[in-house]
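As structure tokens, the structure follows; a few thoughts come after it.
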Amino acid sequence: MKFLIATILTALLSFATALFLPWWIIALVAFIVAAVIPQKPLLAFLSASIAIFLLWGFQSYLIDQQNNHLLAAKVADLLFHKKSYLLIIIVTAIVGAIVSGFAGLTGSLLRAVIVHNGRNKKS
Amino acid sequence: MRIFLLIVSAIITIVLIFLLSTSLSISGSKTPRFGAFLSPQNGFWQNAEASNIDFNEKFTSARLDGKVDVFFDERLVPHVYAEKENDAYFVQGYLHAKFRLWQMEFQTYAAAGRLSEIMGKGKAFLEKDRFFRRLGMVSSAEQSLKTLEANSVTKSELDAYTNGVNAYVETLDPAKYPLEYKLLDYKPEKWTNLKTQLFFKYMSYELAGFDSDFEMTNARSIFSPADIEQLYPIAPDSLDPVVARGTTFQNASHIPKKPGNADSIYFHSSGISNSTLIPQPDKNNGSNNWAVAGSKTKSGAPILCNDPHLGLNLPSLWYEMQLSSPTLNTYGATFPGSPSVIIGFNDSCAWGVTNASRDVKDYYEIEFRDSTMQEYMFNGKWLKSTFRNEIIKIKGEPDVTERIAVTVLGPVMYDKTFPNVLKDGKYYALRWLAQDTSNELLAFNKLNHANNYADYLNAISNYQCPGQNFAFASKSGDIAIRQEGKFPAKWQRQGDYLMPGVDSSYAWQGFIPNSENPAMTNPARGFVSSANQLATDKDYPYYLAGRPFIYRGIIINRWLNRLSNITVEDMQQMQTDTYDVFAEMARPLLLRYLNQQDLSNDELSYINKLKEWNLRTDYNEEGPTILDKWWRRLQKEVFSDEFAKTALPMRTPDNSTLLEGLLRDSTFKFVDNISTPRVESLRQIVSASFKKAAKDLDTAKQSDYLIWGKYKNTGLKHLLNIPSFSRQQLEMGGSLNSINANFRNNGPSWRMIVQLSKDTEAYGVYPGGQSGNPGSKYYDDFVDDWVKGKYFKLLFLNKQEGQNSDKIKWKMTFSKA
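Chains A and B, in that order, give the protein sequences.
In terms of numbering that gives the first Met the number 0, the first sequence has 15 at position 16, counting the first letter as 1, and numbering is strictly consecutive.
In terms of numbering that gives the first Met the number 0, the second sequence has 509 at position 510, counting the first letter as 1, and numbering is strictly consecutive.
Listed below in structure tokens is the structure:
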């Protein structure tokens, strides 16, 4: 359940903030969501990366559909010498996923460190 | 342990973000910042335009005086209806920016010598920038802007245009920047009036920026004056000039004097000591235009045709539009970067241009006292130089200052820090007509408003550089052509070579009065035409200093002499004609002197293909490739022995020179190979060159390049040379010597046919599309039709018709805020 909430929250907040802020806001969002919602580090990594993988993947997929694959194929050719629109959609999604994944992991680890230190102080 | 993991994970995250936010250098070129570039909400994805995009829009601005309606037809051509004329230019600026912002700015960066600022130093951008700075592009654009702004008509037109461009730029949020800005990672600047003048100066460079003075001077150090006349004749025999032979000209009102010492020092002098890559505009920049009188047409109305051949790029150089207000109604090809229609028509007339190809760019050798260039000898005195310091910004590197000495004869183009192609270590000042202040926009503004022949003459009298042949036709029945521009009155061969600059004796002594420019109005033959050939025969009292492109002129006039009852379809057929006159003249000569008996079967098969060829340079023909290879080999066989005397660049004699030399006299002096003891005959040389050409053809055959269309490889290159944004290997015929002149990245950049009947009937097409965005389907949607030689009917609508036309797909309204 937490996993699902974290994933949805990361995606939604990333979408909303990126309307006004630069692309790296996705990392900050993933970091904060993971720091607030307690999850095991590995799950935090997964939820953050899945969120952006789906967000960026879905957004670029939609744009590409409406564009009849015109520009995606040209950019894929420019970057990878392959006229594959699918390739550039996947690359887009993976790049976003890796960044947000590590940001989520960092957020979750930070939470763990703080919580752990808190417990140590109590005891 | 947890802390350790936290630190590692944080570092990875930060490093990832950092790397994705940095432009990386991979094999010499810079990558975009991948994070921003790939992000669907900010990056390139935002430029992927939906195929069903809606261009309807409402825009308000305090800078407008009234209301403007814009109707876009199905080809995305805007038809602009303004209540006030200046608002039409505002909207023209807005639309140029909306559809072509990156290109219009990029061109002015190139003109101003600022490419390093956005591209970095790599790939010789800095050298290019230095070249343009030294040409004096910025200072001459600044001077010309003063002239333009001193005229209230052009000032208010350009002000409105600039406001329109900026009105669009101000609305632009970074996510919506044109794709190229994201790739190169920079931002659009504010447009200024100066940028428009820079654009005009760039066109001057493209069309009047070619010179071969250094190459000719090198030739002079090797060849005798008599040889020079044979290798570089002033006019070819088969010339069919713009102004028909037999026309009488008035006596020259200004006779330039050849300096007394010219024979001894200018025509003979030697002493050339070694080559750098100096940019040169494409010498194949040429064009065709013609107008036929009503007496020769089926409808009885004159028809005007024009196809300017320029570098073929994407986004296209041209943007098509109609501009309309109570005081203006014009349609045609416009330059993103400038207001007004450049080539087009209005309610009463049509006009089109071809390049005059006259030499208005000369160099003077300056004698400086020492290498500090502080003082130079002029008319017996040491004069103080002035200096212009131009600061060139370089992306990611410190600025470079280009220090340019300026003399009375012009800025020093070449010196120790910027060597010329001959590497002679000398100083050369540049005198170039584009340095002079001028107001070309006024000429176009007036043409757009012209009602008749008198208005046309008055309009183009304001035109200076680059010199053009302005063809004209009107509904009242007049046709005319005039080589218009400001041309120095030169003595024979003045400025063909580098000139001495120690005194004023070699300086330009004045200009040809405008009234004495070559012109032809309503000739009895019923047509006027031009195709970059010399404007006149030798009866014209001034030295034309032009380069002889002759073959297109011959075939155009042959067509026009033959045709009667001309229709628009005839003109379309003619404009896309691939018949090659050079081949018609060269083939019999080659075949006549070929020893056929010692040819192998493979070699014979090439000869048979050449013999059977119908002289049309169509895509699938092999004949033109065979002829081209053979001719290149022949040129080498004939000239390479003489040219081997120098390692420095020399001007290659024109095709017409060699062909006519051989047709006149089979013992043409240069046929003999001077490095062998015996005397070679033309038969030996022609046969030997064919043997070599056959080997070249075998190679071409192996790589499947024997077919002419593949061999010539006509294509449209993106301005940044990005293959996936370009259209290469187009399936089309044509050759540089046929009317449908195209080769590699050069060809007809706009084809237009206008029949001036009661209701104007106009057709046009250009290789590109209305949008400059590689992510738009309107980026290159005209290309296939252009390749096939098809035309679009141009919708020249009044507002009422526009409102009701089913061809109108979108509407934009602009109103006063």
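Beta carbons are placed, not taken as given, at the ideal position from N, Cα and C, and that holds for glycine.
Looking at B:I554, B:N451, B:V352 and B:T616, the one whose alpha-carbon comes closest to that of B:D346 is B:N451. In the three-state reduction of the DSSP assignment, B:W785 falls in the helix class, which pools H, G and I. Checking the DSSP bridge columns, you'll see B:F198 has no partner listed. Interface flag for B:W44 against chain A is set, since a Cβ pair is found closer than 8 Å. Nearest Cα to A:H68 within the set B:P773, B:L793, B:F795 and B:D158: B:P773. Of all residues in the stretch 442-472 of chain B, none has a C-beta nearer than 8 Å to a C-beta of chain A.
At a cut-off of 8 Å, the C-beta of A:N66 has a neighbouring C-beta in chain B. Contact annotation: in the stretch 3-28 of chain B, residues whose CB is within less than 8 Å of a CB in chain A are L4, L5, S8, A9, I11, T12, L15, I16, L19 and S20. Taking 8 Å as the cut-off, the beta carbon of B:G336 is found closer than this to the beta carbon of B:Q106.
Against chain B, the CB of A:T9 has no partner CB under 8 Å away; the residue lies outside that interface.
When the beta-carbon positions are compared, B:Q434 and B:G409 come within less than 8 Å of each other. Between B:S814 and the set B:A9, B:F58, B:V7 and B:L311, the nearest pair of CA atoms involves B:F58. Taking 8 Å as the threshold, the shortest C-beta distance from B:I227 to chain A does not fall below it. Note on geometry: alpha-carbon atoms of B:S50 and B:S775 lie some 7 Å from one another.
Scanning the stretch 353-379 of chain B from its first residue to its last, the whole beta strand (DSSP E) runs of 3-plus residues come out as 360-365 and 374-377. Per DSSP, reduced to three states, the secondary structure at B:K297 is coil, with no helix or strand assignment. Among the CB atoms of chain B, one or more fall inside 8 Å of the CB of A:K73. B:K57: member of the beta strand (DSSP E) spanning E56 to S60, first to last residue. DSSP links B:W809 through a beta bridge to B:F71. In this structure, B:M584 is the residue among B:A518, B:N560, B:M584 and B:T575 with its C-alpha nearest to the C-alpha of B:I549. By alpha-carbon distance to B:S503, the top candidate from B:E401, B:N521, B:E364 and B:M372 is B:E364. Residue range L327 to T333 is occupied by the beta strand (DSSP E) that includes B:Y330. The shortest CA-to-CA distance from B:A261 to any of B:W490, B:N250, B:V291 and B:F417 is the one to B:W490. In the displayed model, B:P224 falls within a helix according to three-state DSSP.
The Cβ-Cβ distance between B:L755 and B:A472 falls below 8 Å. Neighbours of A:F101 in chain B, taken as residues whose beta carbon is under 8 Å from its own, are S8, I11, T12 and L15 in chain order. The C-beta of A:V28 comes no closer than 8 Å to any C-beta of chain B. Within chain B, no residue has its beta carbon less than 9 Å from that of A:I31; the closest one is some 13 Å off. Every beta strand (DSSP E) stretch that sits fully inside the stretch 434-481 of chain B and reaches 3 residues is listed by chain position as 467-473. Within the model, the alpha-carbon separation for B:Y578 versus B:W558 is close to 11 Å. In this structure the stretch 381-393 of chain B does not lie against the stretch 350-361 of chain B, because fewer than three pairs of beta carbons, one per stretch, are closer than 8 Å. By the CB criterion at 8 Å, A:G117 and A:A43 fall outside the cutoff. Between B:K154 and B:R551, the alpha-carbon positions lie close to 39 Å from each other. Listed along the chain, the chain A residues whose CB falls inside 8 Å of the CB of B:R1 are L108, A111, V112 and H115. The shortest CA-to-CA distance from B:R682 to any of B:D664, B:A699 and B:P676 is the one to B:D664. Residue contact with chain A for B:P39: present (Cβ-Cβ distance below 8 Å to some residue of chain A).
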